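Numbering (my numbering), first residue to last: -2 to 428. Cβ coordinates follow ideal geometry from the N, Cα and C atoms, glycine included. Just so we're clear, the structure is a prediction, and the values are computed from it rather than from any experiment.
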Amino acid sequence: MTDPGLAARKATLELLRAVLSQRRPIDEALDGHLDLRGMEPRDRAFTRLLLSTTLRRLGQLDALIDGALKSPLPRAAATVRDVLRLGLAQRLFLATPSHAAVDTSVELAGITGFAGMKGLVNAVLRRLSEDGPALLTAQDAARLNTPAWLWSRLTEAYGAETAAAIAAAHLHEAPLDLSVKADPEVWAPQLEARLLPSGTLRREAGGLVPELPGFAEGAWWVQDAAAALPARLFGPVAGKRVLDLCAAPGGKTAQLVAAGADVTALDRSTRRLARVAENLERLGLPATMKTADAETFTAAEPYDAVLLDAPCSATGTIRRHPDVPYLKGPDDVAKLIGAQSRLLRHAVELVRPGGILVWCTCSLLPEEGETQIDRLLATDDRMVRLPVTPTEVGGSDEVLTPAGDVRSLPCHWPDLGGLDGFHIARLQRRG
């Protein structure tokens, strides 16, 4: 295959199948695709962009394709639907010229064993290249691109209007947020970034992160503005012993170490903990690494502070990870809820009397956030909630619940570029 454009599209087709059929995360699928390593950076970037765009707009694309077909595609032709999805995503959302999007899609059908359907692919894409823009205006994009299970949960939790605003925010790629070790005002102009009220630097997405100023010298790390809030809620931590449970990929660990804490970073995955160590080494920040199961980990003495970033559905990160709605479902959430509850109760045992426990999940679902904390406080009188104040979250009271927890949504801070969805609670063990 000599055409690099066709090779990039074939790779994208294989990656799309990996996500939708094998339920593999985008990053894992990308890392494991050998053909990508030999591609030019431009083609690799195009592959990632096309894959992400197709997943973000999957519901709209399928509605248009179904409307253009005289009869449903046979189950055995699932690959043809994916070829149509990719071709249509290029034409309608990436402004790829017809000769590049349509012709390569026809070729793609041929080389993947569906030469007999090349005429159908050509006809459908050419028709929708003309009619598609008008048809898009009549679609409810937010609803179509949100799987039914997630739409139901969001509507139940936040009402139809807010659910629609969240889903609409998911259609846009998130900006690039950076946490700096020091002097954000100095780094902002060098990084062509905006200093957010919470202290995070924000720049437009795109470009190669390792080539940005300050990366090589370890001046900053990538971390969404909402993800940077939990570690800040401990207040001054210099000289304190802090345990970061479920520490990977290490952004919160880096914050705590940079603030002067004596941090133990714990994760049950040796591979993920190695990534934390690698990131901290680039940043020049030391921490103690422990590979252990957070549900059973024991310490010689309790910690002054414990941060529990519990494993969750990650539905709050869909702007950055558009594969999430297709990797997780109600059954997965139910299993995660049980693990979260066990982790939370064990974390209480690891914090000293008078110490602080900060809990967070990057989930939009209350059952993975507020409900967990309410259940703990109703059954364990050793813990008390310490409400978060607006000044601790950049002066924004829209991200605070009546009880004093943080509940950020992708539709919050619309003029600043939005936020990942997080639930954060600060608790203190009675002394």
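- Cβ-Cβ distances below 8 Å link H343 to A291, E292, T293 and F294 in the same chain, with the five nearest sequence neighbours on each side left out; the list follows chain order.
- Closest by C-alpha distance to L17, out of R53, R34 and D40, is R53.
- By the C-beta criterion, the stretch 224 to 239 is judged not to be in contact with the stretch 201 to 209, since fewer than 3 inter-stretch pairs fall below 8 Å.
- A235 is positioned such that its CB atom lies closer than 9 Å to that of A258.
- In this structure, G366 keeps its C-beta atom at 9 Å or more from the C-beta atom of V385.
- In this structure, DSSP gives G351 an extended state, which the three-state scheme calls strand.
- Just so you know, the alpha carbons of T288 and V260 end up roughly 14 Å apart.
- For the pair of segments examined, the stretch 271 to 285 was found not to touch the stretch 295 to 307: the number of CB pairs separated by less than 8 Å stays below three.
- Restricting attention to L61, G35, S49 and L12, the CA atom closest to the CA of A131 is found in L61.
- When DSSP states are grouped into helix, strand and coil, S18 belongs to the coil group.
- Closest in alpha carbon position to A296, among L263, S49 and A271, is L263.
- At the C-beta level, L354 and R423 come within 9 Å of one another.
- Runs of the alpha helix (DSSP H) lying entirely within the stretch 194 to 249, each at least 4 residues long, are 226 to 229 in chain order.
- Annotation for H96: the continuous alpha helix (DSSP H) segment containing it runs S95 to I108.
- Of the other Cβ atoms in all chains shown, fewer than 16 fall within 10 Å of the Cβ of R34; this residue is therefore exposed.
- For the options D137, D100 and M286, the alpha carbon positioned closest to that of V121 is the one of D100.
- The alpha-carbon separation between F90 and V219 amounts to approximately 27 Å.
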